[in-house]
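The structure under discussion appears below in the form of structure tokens.
Numbering (the numbering used here), first residue to last: 1222 to 2198.
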């Protein structure tokens, strides 16, 4: 092995060892909740439920539900789940959940999604079942070698078993649990299978896609992910081989992760089955089952078509008819989300569509009133990652004027209306206990006038105003299921409420009205997502199905003046806009509790209770309820390792050195994310080294303390002239020591299509360096000095598309002042600029950087630069300095291949660069010396997924030819969580 590649190879091997320990001390970190919240906990034998004190009734109800599913959630497994903290984040509107094993915790974002991934069971129940099943899965891995790894690495040792357990299994099995606990659950929803149905109908060869394609996806085309594929494979495995096939395979994977693909080997050894054969058989069964349903022709006309250029999957959503044309949201693989205006009467494609405005993905369905477009979008809190808002925005389609309402509130489904000749705005607002309220605002100043509080834990998933019947209709989801309700607005107040349909397990979405007494929505009653209508002027509110689709129809909007209904229809190339006549009727709906089950091959029943049979009772809990003290858990040591290493050095390698050694490392992080750090001690490169760091992020400012001791000897500053006149530099130097304290205030000002960050920071570092200075009578010695650095950072980037490697538009500015509390040092002022510009082709980008610095004259100076040619030597202090660089980044190819189950190459991209600098550097005798330094080269990067993981890793190799140093080769690894 060549000298060049030896340290890189060693780095790779050590990285495999340390991969469970993550890329930084904070491990898996999503952010912090507001500091002002007071937290309490419910402690049971199987979990510790942590929640804000105001959320106590819902937390009590959730605890009762968790107790109800505990005896059956372990179906198929023999090991009892580990006790785990469950953190309820009640002010984060990004509805989701996750189980993380280092530090061990379950995090639930409790606010129900306005639309999207929701079906006719309460959100909290869906979330609790899915994430509880993950706890069961990961607990079963802790045996054999994985248990030994947990002794060596702490909680992170479980990741050794997770690395060889396919993500498709983890998510597929959890989705199966959701479905088993529901009368008509997640995997039975037609929208869950629509992507696979269209993919197979487009080409039957897709039945033979390898598992890595389903795990990692593709930049070339849309491939449904691990939830859809995983569920079908797990359910089929239980049909073919019994309910314990997967649980036994997972336990075997935990025992023998060293086998790399232990689940595959277990299936072959004990069942004589290849995983690839199971996959082809399962997908083949689905293809056969779906084929007749996919052959049904659409009963309507499609208005748009997939783009001619290879833009990948294109999604139109929520089309709305306006006097100026059809407005819809649109996104594709090459372009981020925006509003577009379509002229459906134009004959030339280039005249049919224009961009109205770049936006953030809407948080709920947009609507139109006259010539004004209304929508809501998420907006982050400037400080707290776990606090978000949903703001109301409007756009006048004729003048282009924009307005924002409710900047620091949470509002969905903005609906303008006129009642009693007064304009109002209705929104849906999450309440403080996990439900939804209807809120009536004054149209002029968005002042709240009235608020309708619904039943406990009832959420709203669509609102429509019908002017002719003076009806505000909405979709309600509660313990009994999903249904339509109506209410009126009179004298500035909400009036009596009425049920339009009975609660059922039929999922409905996309509610709108034509203003003349008819409601339109998408319903799964027929077994597919189809457009339905209800006439509010007829007795009994009859419901009729308007469409018959090949795959599905979504998001209708009726236009009575034109006699048509706009909506989107699914195709293998994406969601396209379609329309049907307003009088179109396929059949009259006979309402029932469950929708038709056309598309699903049932999995063997687990014989578990359904969510609807397990009510959430908030009256009492039998478990202890106590105050939760965050400060006592700041230094929660969760993982460790029998080595010492610098993670930054490990992940950003070059051939010049590798600091790794034997020792001990501790990693600590609070489960609330407000405190994290590391401590490591060991011997590296012949020296003992101690390094500790701790960050407290529980305040708006983030405070970091860092200590490094050893790893070399203390520095000595003595000029050549001083040494020549006899300054004595002691041979017995002390160990190197630096102490650093940093205060940073990251503030996010993102909104619309822009991602903005402003961050001031200030750090002070103490070095135990010896500073010598000659005098007329001898010399003086200063033991140690303190360096400070003040920085301001501002960045503003346009949201990137799926295929973008770096943003196509954006800029950043950083200003720094560096000095020392010692008059022997000068003061350094520096400025750094960065800009992103579109390249010559789609997904190509220019990155232009510039840096400038000025340093005052003094005996000692700082060698740091805001920008320096890559690979070049940078060891001189400069009085005046300027540098510039140009990068051109572009994709080379999307291989979509590799060794299945081991490595999958998703994308290869290149970056070509040229750097140049000019500086006047300090020289002897108070002079300066000019130097021109430059370099050129490139990066080649491979975006890969390893061992069936959905988490992509980018391995980047850098080659540079600097003007003042040897040819440079470096390597780096970045992980996307």
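Even glycine gets a Cβ: it sits at the ideal position worked out from N, Cα and C. Being a predicted model, the structure only gives us computed values, none of them experimental.
Coil, strand or helix - residue i by DSSP
i	result
residue 2181	strand
residue 1515	helix
residue 1256	coil
residue 1595	strand
residue 1294	coil
residue 1338	coil
residue 1935	coil
residue 1837	coil
residue 1624	strand
residue 2192	strand
residue 1742	strand
residue 1472	helix
residue 1874	Bear in mind that the predicted position of residue 1874 carries a pLDDT of just 43, short of 50, making it unreliable; the figure below should be weighed with that in mind. If DSSP states are grouped into helix, strand and coil, residue 1874 belongs with the strands.
residue 1808	strand
residue 1732	strand
residue 1785	strand
residue 2086	coil
residue 1454	helix
residue 1928	strand
residue 1908	strand
residue 1354	helix
residue 1401	helix
residue 2197	coil
residue 1510	helix
Beta-carbon spacing of residue i, residue j below 9 Å
i	j	result
residue 1908	residue 1976	no
residue 1366	residue 1489	no
residue 2070	residue 2183	no
residue 1825	residue 1441	no
residue 1593	residue 1545	no
residue 1704	residue 1689	no
residue 1696	residue 1742	yes
residue 2205	residue 2041	A question about residue 2205 goes unanswered here, because the residues of the chain that appear run from 1222 up to 2198.
residue 1919	residue 1253	yes
residue 1402	residue 1357	no
residue 1342	residue 1406	yes
residue 1740	residue 1721	yes
Among the options, the one whose alpha carbon lies nearest that of residue i
i	options	result
residue 2028	1465, 2169, 1974 and 1827	1974
residue 1906	1866, 1397 and 1914	1866
residue 2093	2111, 2136 and 2110	2136
residue 1991	1981, 1938 and 2021	1938
residue 1464	1298, 2179, 1984 and 1964	1298
residue 1767	2108, 1754, 1610 and 1775	1754
residue 1337	2055, 2000, 1584 and 1855	1584
residue 2189	1610, 1773, 1363 and 2180	2180
residue 1554	1612, 1684, 1415 and 1443	1443
residue 2145	2192, 2176, 2114 and 2079	2079
residue 1474	2161, 1591 and 1364	1364
residue 1839	1793, 1562 and 1678	1678
residue 2081	2105, 1996 and 2047	2047
residue 1289	2159, 1269, 1346 and 1319	1346
residue 1451	1972, 1419 and 1413	1413
If we count Cβ pairs, one from each stretch, closer than 8 Å, do we get three or more for the region 1430–1437 versus the region 1370–1380?
no
Return the chain-ordered ranges of every alpha helix (DSSP H) run that is complete within the region 1406–1432 and spans a minimum of 4 residues.
1411–1423
Can you give, in chain order, each stretch of the beta strand (DSSP E) that sits fully within the region 1637–1688 and has at least 3 residues?
1643–1651, 1657–1663, 1669–1674 and 1680–1687
For the structure I just gave you, are there three or more beta carbon pairs, one from the region 1463–1479 and one from the region 2154–2171, closer than 8 Å?
no
Write down every uninterrupted run of the beta strand (DSSP E) in the region 2095–2173 whose length is 3 residues or greater and which is fully enclosed by it, in chain order.
2099–2114, 2118–2120, 2124–2143 and 2149–2167
Please confirm if the region 1739–1750 is in contact with the region 1500–1511, defined as three or more CB-CB distances below 8 Å between the two stretches.
no
Whether or not the region 1392–1407 and the region 1506–1522 are in contact is what I'm after, with contact meaning three or more pairs of Cβ atoms, one per stretch, closer than 8 Å; do they touch?
no
With three or more C-beta pairs closer than 8 Å as the rule, is the region 1515–1522 touching the region 1833–1848?
no
Mind the definition here: the region 1780–1794 touches the region 1803–1810 only if three or more C-beta pairs lie below 8 Å; say whether that holds.
yes
Note down, one range per segment and in chain order, each alpha helix (DSSP H) of at least 4 residues found wholly within the region 1473–1501.
1483–1492
Count the C-beta pairs between the region 1312–1332 and the region 1669–1679 that are closer than 8 Å, then say yes if the count reaches three, no if not.
no
Contained beta strand (DSSP E) runs [length at least 3] in the region 1946–2031, N- to C-terminal order
1956–1965, 1975–1996 and 1999–2019
Starting from the N-terminal side, write out each stretch of the alpha helix (DSSP H) that is 4 residues or longer and does not extend beyond the region 2030–2054.
none
So, does the region 2126–2133 touch the region 2102–2116, judging by three or more C-beta pairs under 8 Å?
yes
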